[in-house]
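What follows is a set of notes on a single structure, which appears directly below.
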Amino acid sequence: MSTLSLIYAILFYAATALLVVGLALRIKLYATTPTPLKIPTMPAPLTKSGAAFRVFREVAFFESLFKSNRWIWIFAVLFHAGLALALLRHVRYFQADVWLIIELVQPFGIYGGMAMVAGLLGLWARRIVQERIRYISGPSDHLMLALLVLIGASGLNMKFLTRTDIIEVKAYFLGLLRFDIQNLPSDPALLVHLGAVAVLMIVFPFSKLLHVPGVFFSPSRNQVDDARDKRHLAPWAAPMDANREA
Amino acid sequence: MADQKFQTPAFREYRDNPAIQIGAMSHSQPFIAKPEHNEPLGFPGELVENWEQKAVEKLGDLLDKNRALRVYLDSCVKCGACTDKCHYFLGTGDPKNMPVARQDLLRSLYRRHFTLAGKIFPGLVGAKDMDKEMLDDWYKYFHQCSQCRRCSVFCPYGIDTAEISMAAREIMDHIGVGQKYSNEILAKVHKIGNNLGLPKPALADTLEGLEEDVEEDTGVAVKFPLDVHGADVLLVTPSADFFAEPHVDGLIGYGKVFHQAGINWTVSSYASEAANFAMFIGSYEQMHKVANRIRKAALDLGVKRIVFGECGHAWRVAYSFLNTLAGPWDFLDPKYPVPQHILEVTNGLIKSGGIKLDAQANDDKVLTFHDSCNVARGSRMGDVEGGQFIIPREVIKASVNKFVEMDPQTTCEKTFCCGGGGGLLTDDLMELRVKGALPRMEALKEVIDNHGVTHMAAICAICKSQFTKVMPYYGFSMDMVVSIHQLVSDAIQLGAKEEL
Ligand code: SF4
Ligand code: SF4
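As they're listed, the protein sequences go chains A and B. Count along the first sequence starting at 1, add 1173, and that's the number in this note's numbering. Mapping to this note's numbering: the second sequence position 292 is 283, numbers consecutive.
Structure follows, in C-alpha cells:
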C-alpha cells in the first residue's frame, strides 16, 4: 500500500463523514425549525398526498423551472439526469457482485457523463453570456461549476483517453468499505477525479448544494392548502394567544 | 403627466427583458418612520446603538422561528430563472430588483454570520458584514418588493422573496428603521380600528349616507348596519371601501347582495379594517394583534359567520393566516368556512338562485380581470384548487356579457402585481409604482386595442387605488377600474323575491 493510497483513504473517510454528518445536522435543523404560517404558493394541493406529489414533480421534472425558463431547464435536466446515470454506473465500484440493473445501466452511464458535462457547460455559458445571470454570479458559483466539470471531464478522460486500471480501483473501494486499504493506481487523471469528488462531498453541506435537502423542506412547495380547516400553530407563537382580550 | 420628475416607461414591443441598469432605482425609498410612528408598535424610535450587531441577532432569532427563511437563504443556486419575473425589474431595469439579487442583500449577511463558508471565505460566497451601505440598500430595495410572490412560482425551490423582504423589514423595525407609511397606519389600527383612522361616528355617517344614496337610486331600502349585536354575518372589509372611488361601489354591491339574500349582517367599528398591514412589515406579533380585533368583534357582536370584502393582502391574511392568528373559531357556525370571501357568498347565491343578476345592465362594458397577486398566490376561494381564479370569473360572467382574458402569461398564478402592493402604496414611492405597473399596463393595452375592453375589474383595495392613480400615466382613464361587486351591484335584481 502506497502513501498515496493512505492519503486518499483518509480523504474519503473524512469526506464521507463530513457529508453524512453535515447533511444530517442540516436536515435536522430544517426539520426542527417551525413554520409559523401556512405559505404554500397557491394554487396548492388540498391533500397531503397532493403536496407530496407536487414536491415529487419538482424533484423529478423540475416543474417550476420548466414553467420559467426553457433553456435553463434543458441544461439543468441534462446535468442532473446525466449525473444520476453516471452515479448509477459507478455503483459497480462498491459491489463485489454487481446487480443486474447496474450492469444494464453501464453504457447509459457513459452517455450520462457526457450529458452532464454538456449541461454544465450550457449552464456555465449562460452564467457568462446572459448579463442578468452574470450579475448574480459570485466566485463560488463559477468554482462550483468548475469543480463539477472537472469531475465529469476527468471521468470521461479515463473512459476515452488515458485509461486506468479499474480492477484495481474497484478493489481499492471495496477495501475502503471493509476498512482494509488496498493499493490505488496513481494515474493523474484518476487522482484528479477522486480528489475533486472528495472536495465536492466536503463542500456539499456548506454550500448551495443544500438545495438538495432544501427542495424537500420548502414550505411554499410542501405545504397543504388547508388553512381554513386546520389551525396551524407554531409552538413559539402559541403563548401569544394568552394575551388576547377575548 | 406634466409635473412628473420621471419618465413613464414605454410599452415594450416584444416584451423583451430590459437591459440591466445598475443603480437605476437607487434613489427610490419611502419616508422613514419617526419615533411617534415606531414607538406605538413597540419598536425603537430611531436607529439604536449597536445596530449592526442587533440586526444580526434579530436575523438569528428569525432563522430559529421560520423554516422558510432558513431554507430559502440556503437553497438558492443562482440559476437565474427568477431574474426576469419581477414587475419592478421589468419596469426599472435595476438589477437589485431581480428577485435573487434582492434576496442576496439579506443573504450576504446571513452567509457572513450563520454559515461556515461565509465565516471563512466571505469574498468567495458574497458574505458581507452589516454596515451603513448595506442598511441603505436594504431600506431601498426591500421597499421595492410588493411581496407579490410571483418569483416563488417560477423558482425551482419555491423561494419566496416576499418572505425575505418581510424578514428584512422586521429586522429594520427592530433596529429603529421603520417605514413611515406602514407603521403609521398600524398605529391607527391599534388606536381606532382601521387604516384610515375613521372613528365610529364618521363610519356611521358614511354608512347612513350610503343607505340614502342607494334608496334614492333604486327605491329599495338597503341597510348598511354598524355594530349590530346578534347579526349573522360580520363583514370585514378594507376601509377604503367606506369612502374611496371605485371601492365604495363595491361595498354597495355587498350590501345589495346581503339585502336581496335576506342575510342579516353588520360592520364592526372596532374591527373596521380587513387589510392587515402587519404582514407587510413581517411582524407576527403585530399581525396577531390586528387579527385578534376581528376575533373580539365577532365575540362581542355574537355573529355566526365572518365574511371578508374584496381585498388582496387582506384575503391572504384572512384565508391563510386568520385561523392561526385568531382561531380557533369554534364559536361560529360550523356550516361555513371561516372566514368566507364575499365572492364565495355571492357566487353561491347566484348558483342557488338566492339572487338574480341581469347581465344586460352592464352591456355598455367590455370587461377584463386583473388577478390580485395575494389572492392568486396566497389564498384560495371555494373548495377546489384554483378556486380563486374560477369564482371571480364566474361572478363577472354572471354580471357582464362581454368578458375578455388578458395574456395568460399575466393572469392566474402568473399574474403581475399592480405595482402598489406590500406596503408600497404611498406617494413617496410614486415613480416605483408607475414603473412597476408596466407589465399589467401592457397586457391591458393589448386587450383594449384588440378587443375593445372598456373596464378592468379588480378585487383588492390596493389594486384599485394603485390603478386609479397610475393608469393616467399610461394614457388610460382611471374610471376603467371597477370592483367586481360594482358589476354585481349594477346587475342585481332588487325587490321582492316573488316578482323575480
Ligand atoms: S429561481 Fe430560485 S434558485 Fe434560481 S436564482 Fe432565483 S431564487 Fe435562486
Ligand atoms: S415578491 Fe414580487 S415584488 Fe418581490 S421580488 Fe418577488 S416578484 Fe418582485
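Where is the CB? At the ideal position from N, CA and C, for every residue including glycine.
Only exposed fits A:A1190, as fewer than 16 other CB atoms lie within 10 angstroms of its CB. A distance of 9 Å or more separates the beta carbons of B:S137 and B:G117.
Note that the C-beta distance between B:A24 and B:Q170 is below 9 Å. Contact check for B:T359 and B:V395: beta-carbon distance about 5 Å, within the 8 Å limit, so the pair qualifies. Think of a sphere of 8 Å around the beta carbon of A:D1398: the chain B residues whose beta carbon falls inside it are R371 and E376, in chain order. Here B:L50 really is in contact with B:Y101; their C-beta atoms are around 7 Å apart, less than 8 Å. In this chain, B:L348 is not harboured by any alpha helix (DSSP H), its DSSP state being neither H nor E. With a threshold of 8 Å, the Cβ atom of B:F133 does not count as near ligand 1, since no heavy atom of the ligand is closer than that. In chain order, D218, L225, A288 and L292 place their CB closer than 7 Å to the CB of B:S259, counting only its own chain and leaving out the 5 sequence neighbours on each side. Between the region 437 to 444 of chain B and the region 227 to 238 of chain B there are fewer than three C-beta pairs closer than 8 Å, too few to call the two in contact. Residue burial annotation: A:N1416 is exposed, with fewer than 16 other C-beta atoms found within 10 angstroms of its C-beta. By the rule that beta-carbons nearer than 9 Å mark a contact, A:P1312 touches chain B.
Taking CB atoms only, A:W1272 has no neighbour in chain B less than 9 Å away. Cβ proximity to chain A below 8 Å picks out nothing from the region 342 to 358 of chain B. Counted as a single uninterrupted DSSP element, the stretch harbouring B:A449 is not any alpha helix (DSSP H) but the beta strand (DSSP E) occupying residues H446 to A449. Taking 8 Å as the cut-off, one finds at least one heavy atom of ligand 1 near enough to the beta carbon of B:F145. Comparing C-alpha distances from B:Q20 to each of B:L53, B:Y172, B:G82 and B:S143 shows the shortest one belongs to B:Y172.
Its Cα nearest to that of B:V375, the residue B:E335 stands out among B:N365, B:E335, B:G114 and B:G412. Under the three-state reduction of DSSP output, B:L225 falls in the strand class. DSSP, reduced to helix, strand and coil, places A:R1351 outside both helices and strands of the structure shown, so it counts as coil. Contact between B:C364 and B:R140 is confirmed by a C-beta separation of about 7 Å, below the 8 Å threshold. For B:I254, the secondary structure class from DSSP, reduced to helix, strand or coil, is coil. Secondary structure note for B:V472: its beta strand (DSSP E) is the uninterrupted segment V472 to S474.
Residues H1366, A1369, V1370 and L1373 of the same chain have their beta carbon placed closer than 7 Å to that of A:I1324, with the five preceding and five following residues left out of the count. Counting the other Cβ atoms within 10 Å of the Cβ of B:D95 gives 16 or more, which makes it buried.
In this structure, A:L1258 is the residue among A:D1399, A:E1341, A:L1258 and A:A1182 with its C-alpha nearest to the C-alpha of A:Q1279. In this structure the region 238 to 258 of chain B lies against the region 472 to 486 of chain B, because at least three pairs of beta carbons, one per stretch, are closer than 8 Å. Taking a beta-carbon distance threshold of 9 Å, A:L1238 counts as an interface residue toward chain B.
In this structure, the C-beta of B:A72 approaches ligand 1 to less than 8 Å from one of its heavy atoms. Taken from the Cβ of B:N88, at least one heavy atom of ligand 2 lies inside 8 Å. Of all residues in the region 1371 to 1401 of chain A, the ones placed with a Cβ closer than 7 Å to any Cβ belonging to chain B are F1379, S1380, K1381, L1383, H1384, G1387, V1388, F1390, S1391, P1392, S1393, R1394, D1398, A1400 and R1401, in chain order. Inter-segment contact for the region 147 to 162 of chain B and the region 24 to 38 of chain B is absent: fewer than three beta-carbon pairs are separated by less than 8 Å. Taking CB atoms only, A:R1230 has no neighbour in chain B less than 9 Å away.
A:S1380 has its Cβ no nearer than 8 Å to any heavy atom of ligand 1. DSSP places B:I297 inside the beta strand (DSSP E), whose first and last residues are R296 to F299. A straight line joining the alpha-carbon of A:H1315 with that of A:V1388 spans about 22 Å.
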